[in-house]
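Student:
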Amino acid sequence: MKLSISTIYASIAWLLLCPWMPELSAADSDRPNIVFIFSDDHAVNAISAYGGPLAEAAPTPNIDQIAREGALFQNSFCANSICGPSRACILTGKHSHKNGFMRNDGKGFDSSQWTFAKSIQAAGYQTAIIGKWHLKTDPVGFDYWEILPGQGHYYNPVFLQMDGSQKKFEGYVTDLTTDKSIDWLQQRDKDKPFLLMCQHKAPHRTFAPAIRHLGTLDDVEIPEPATLFDNYANRSATLAKNEMEIDRHMTWAYDLKLRDDERGDLKLPSFRNYGTPEYNRMTSEQRVQWDAHFAPKNAEFVRDYRAGKINHRQMVQWKYRRYAQNYLETVKAVDDSVGRLLKYLDDNDLAENTIVIYSSDQGFYLGEHGWFDKRWMFEESFKMPFVIRWPGMIKPGSRPEALIQNIDYAPTFMECAGLPVPDEVQGHSLMPVLRDSSAKVRDSLYYAYYELGEHAVPQHFGVRTKNHKLFYLPATDEWQMFDLNKDPNELVNVYHNPEYSAVRTQLSQEYERLRREFEAPNY
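The numbering used here puts the last residue of the sequence shown at 523; the count rises by one with no breaks.
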């Protein structure tokens with residue numbers, strides 16, 4: 001069990017001395033319920049509690065409520081910035097090379113290995129996972145599951161059932177995932193503590209908002225990131241080759257919602273054509289409302305482009321605005337979902353003994369470096385949100401600075417449930433930080449990205465400390481190093497700068513130490 005004597009003594013002292021800790025009652029001493037709300041590709045810059053540049057334009061009041069009533073972790077990171085591997089890291093508390101799910105296109109998740117869900121279920125918790133799973137094999141360790149096949153769809157999605165069948169439901173996937181989660185809460189065994197994992201597809205590409213949210217940001221100024229027109233100088237030449245630029249790689253219909261039939265014979269520079277899978281799934285009523293929003297805007301764009309009123313820079317800005325608005329409007333339904341779940345807990349007297357967490361599998365580029373998507377160890381996709389509320393345990397309004405990673409979730413859930421953490425787990429319980437927001441978990445983080453060429457992002461492996469970052473690209477035998485204090489946008493590689501020789505040595509040694517500790521594979 002990963003609990004030191006000092007941690008136990010500190011916990012006892014905290015319970016005895018904390019001035020705002022309520023008096024323990026029989027109900028408080030019960031094992032807490034856990035509601036884990038998880039989205040896909042939700043950047044911290046799109047959560048207003050984090051105070052980023054989009055906070056005023058697109059507030060997220062319900063997610064912010066969790067942070068206000070609990071803790072917002074300022075330095076939360078993933079171990080591998082891609083959908084399925086991130087989920088495997090969370091379930092197992094282990095890095096990708098140890099849990100075996102290294103890539104989205106690899107074999108399915110090995111469900112025979114230990115997961116926190118199986119342990120918590122065996123310890124008497126009632127468990128459920130609803131929504132996006134994305135691990136190919138069926139969930140194990142859950143009394144109930146109802147999951148999306150693969151990425152799933154936004155409109156009128158199919159859900160896989162426990163009996164192996166598939167059922168299609170009319171509506172919007174975020175709302176349906178929330179409906180199903182609340183239905184399960186209502187029907188669960190009320191005599192058992194519960195773990196609910198409510199996992200959303202949104203706001204994953206194709207960034208398709210709920211019909212009710214179309215146009216809600218029409219009159220809102222959405223700031224452009226400072227690096228929207230990044231020229232990729234002073235860093236690896238591989239950056240300019242990535243196929244994730246808003247400028248060159250967003251598709252007109254799939255991403256930007258301008259269908260072929262709307263642009264007619266107008267020739268536009270294009271990358272690929274993935275079609276309109278979401279539009280094709282809509283009911284006639286949904287299409288009418290979708291077209292009422294997009295058709296006039298698309299017609300105006302086509303007219304202006306034909307008339308030569310849009311130069312290249314303005315084209316990039318138009319694409320960014322269209323992308324950012326769709327993405328942020330998609331987030332609105334996720335925030336609605338959080339509000340509905342919080343209300344259910346309040347209305348059913350469950351809030352006081354329920355841990356509520358909001359997180360996402362990784363971050364996402366919202367125009368930073370001119371990009372969309374994720375994968376890189378750069379901050380925007382490396383960082384992932386983590387806000388948590390636990391009445392009576394976490395001091396409201398806490399903003400811990402501890403370096404945490406998604407491999408820490410499993411041991412945290414285990415300790416919350418009063419269970420021992422297996423030695424094979426590589427993450428650390430966050431309980432010391434939940435008790436004292438000034439506590440430290442680790443001095444550095446290890447990162448590994450194993451995908452093989454998707455979006456032309458190369459494999460890379462690195463280390464991050466509080467102030468610096470170092471990563472290696474095997475394909476080109478390059479090292480990239482950044483001073484996060486002086487260069488928060490990571491625009492200048494200082495690996496070969498003699499002024500950073502001592503830092504380079506320190507980071508290199510720490511990188512090798514972490515690789516040994518985690519038994520990471522050779523390249």
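Every residue gets a Cβ at the ideal spot worked out from N, C-alpha and C, and that includes glycine.
For residue 460, which three-state DSSP category applies?
Tutor: Three-state DSSP puts residue 460 in a strand.
Student: What are the uninterrupted segments assigned as alpha helix (DSSP H) that are 4 or more residues long and contained completely in the stretch 390 to 418, given in chain order?
Tutor: For the stretch 390 to 418, whole alpha helix (DSSP H) runs of length 4 or above, ordered along the chain, are 409 to 416.
Student: Would you mind giving the Cβ-Cβ distance between residue 75 and residue 403, rounded to the nearest angstrom? I have them listed as a contact below 8 Å.
Tutor: Residue 75 to residue 403, Cβ: 5 Å. Contact.
Student: Could you check what DSSP says for residue 78 in three-state terms: helix, strand or coil?
Tutor: Coil, per DSSP.
Student: With C-beta atoms as the reference, is residue 305 less than 9 Å away from residue 277?
Tutor: Against a cut-off of 9 Å, the Cβ pair of residue 277 and residue 305 comes out as no contact.
Student: Select from 249, 60, 267 the residue whose C-alpha is nearest the C-alpha of residue 456.
Tutor: Of the listed residues, the one whose Cα sits closest to residue 456 is 249.
Student: Between residue 475 and the rest of its own chain, which residues show a CB-CB distance below 6 Å, the 5 nearest in sequence each way excluded?
Tutor: Excluding positions up to five away in sequence, the list reads 458.
Student: How is residue 109 classed by DSSP in three states: helix, strand or coil?
Tutor: Looking at residue 109 - three-state DSSP - the assignment turns out to be coil, as it is neither helix nor strand.
Student: Just the Cα atoms here: how many angstroms apart are residue 271 and residue 244?
Tutor: Near 11 Å, if we compare the C-alpha coordinates of residue 244 and residue 271.
Student: Pick from 53, 32, 63: whose alpha carbon is nearest that of residue 39?
Tutor: When only C-alpha atoms are compared, the closest one is 63.
Student: Can you tell me which of the three DSSP states residue 47 falls into?
Tutor: Coil at residue 47, not helix or strand.
Student: Assuming residue 448 and residue 79 form a contact by the criterion Cβ under 8 Å, report the distance between their Cβ atoms to the nearest whole angstrom.
Tutor: About 7 Å separates the two Cβ atoms, so the contact holds.
Student: Hey, residue 298 and residue 258 are a contact pair by Cβ (cut 8 Å); roughly how many whole angstroms apart?
Tutor: That belief holds up - the Cβ atoms of residue 298 and residue 258 are roughly 5 Å apart, short of 8 Å.
Student: When the Cα of residue 192 is compared with those of 145, 353, 263, 406, which residue comes out closest?
Tutor: Looking at the Cα atoms, 353 is the closest of the given residues.
Student: Given a cut-off of 9 Å, decide if residue 511 and residue 462 are closer than it, judged by their beta-carbon atoms.
Tutor: It is a contact, given that the beta carbons lie within the stated cut-off.
Student: Enumerate in chain order the residues of its own chain whose CB-to-CB distance from residue 29 is below 8 Å, with the five nearest sequence positions on each side excluded.
Tutor: In this prediction, residue 29 scores a pLDDT of 45, lower than 50, which makes its location untrustworthy; the coordinate-derived value is nonetheless stated afterwards. Cβ within range, chain order: n/a, list empty.
Student: When the Cα atoms are used, what is the spatial distance from residue 369 to residue 31?
Tutor: Between residue 369 and residue 31, the C-alpha separation is close to 45 Å.
Student: Using the beta-carbon count (16 or more within 10 Å), is residue 41 buried or exposed?
Tutor: With 16 or more Cβ atoms within 10 Å of its Cβ, residue 41 is classed as buried.
Student: Any idea which residues DSSP pairs residue 90 with across the strands?
Tutor: DSSP lists no partner for residue 90.
Student: Which residues bound the alpha helix (DSSP H) around residue 284?
Tutor: Note, residue 284: alpha helix (DSSP H), 284 to 306.
Student: Output the distance between the C-alpha atoms of residue 356 and residue 515, rounded to the nearest integer angstrom.
Tutor: Rounded to the nearest angstrom, the two C-alpha atoms are 33 Å apart.
Student: Secondary structure at residue 236, three-state DSSP: helix, strand or coil?
Tutor: In the structure shown, residue 236 sits in coil (DSSP, three-state: anything other than H, G, I, E or B).
Student: Per DSSP, what are the beta-bridge partners of residue 505 in this structure?
Tutor: In DSSP, residue 505 forms no bridge with anything.
Student: Between the beta-carbon of residue 498 and the beta-carbon of residue 69, is there less than 9 Å?
Tutor: The answer is no: Cβ separation not under 9 Å.
Student: Enumerate in chain order the residues of its own chain whose CB-to-CB distance from residue 460 is below 7 Å, with the five nearest sequence positions on each side excluded.
Tutor: Result list for residue 460: 377, 449, 471, 472, 473, in chain order.
Student: Applying the criterion that 16 or more other CB atoms from any shown protein chain within 10 Å of the CB defines a buried residue, is residue 162 buried or exposed?
Tutor: Result: exposed.
Student: Assess contact between the stretch 173 to 184 and the stretch 144 to 164, defined as three or more Cβ pairs (one per stretch) separated by less than 8 Å. Is contact present?
Tutor: Segments in contact, yes.
Student: So for residue 367, helix, strand or coil by DSSP?
Tutor: Note: residue 367 maps to coil in three-state DSSP.
Student: Near residue 522, what residues of its chain come up, given a Cβ to Cβ distance below 8 Å and the 5 sequence neighbours on each side ignored?
Tutor: So no residue of the chain qualifies.
Student: According to DSSP, what are the bridge partners of residue 39?
Tutor: DSSP, once it has assigned bridges, lists 360 as partnering residue 39.
Student: Run the CB neighbour count on residue 329, radius 10 Å, all protein chains shown included, and call it buried at 16 or more, exposed below.
Tutor: Its Cβ being crowded by 16 or more others within 10 Å, residue 329 is buried.
Student: Helix, strand or coil for residue 326, going by three-state DSSP, please let me know.
Tutor: Helix at residue 326.
Student: Using only alpha-carbon positions, find the residue among 196, 364, 140 that is nearest to residue 46.
Tutor: Of 196, 364, 140, the residue nearest in Cα terms is 364.
Student: Our contact map puts residue 302 next to residue 266 with C-beta atoms below 8 Å; I'd like the distance itself, whole angstroms only.
Tutor: The Cβ separation is near 6 Å, so the contact holds.
Student: Using C-beta distances below 7 Å, list every residue in its chain close to residue 119, excluding the 5 sequence neighbours before and after it, in chain order.
Tutor: Hits under 7 Å: 414, 419.
Student: For residue 448, list the residues DSSP reports as bridge partners.
Tutor: In the DSSP output, where bridge partners are listed per residue, residue 448 has 461.
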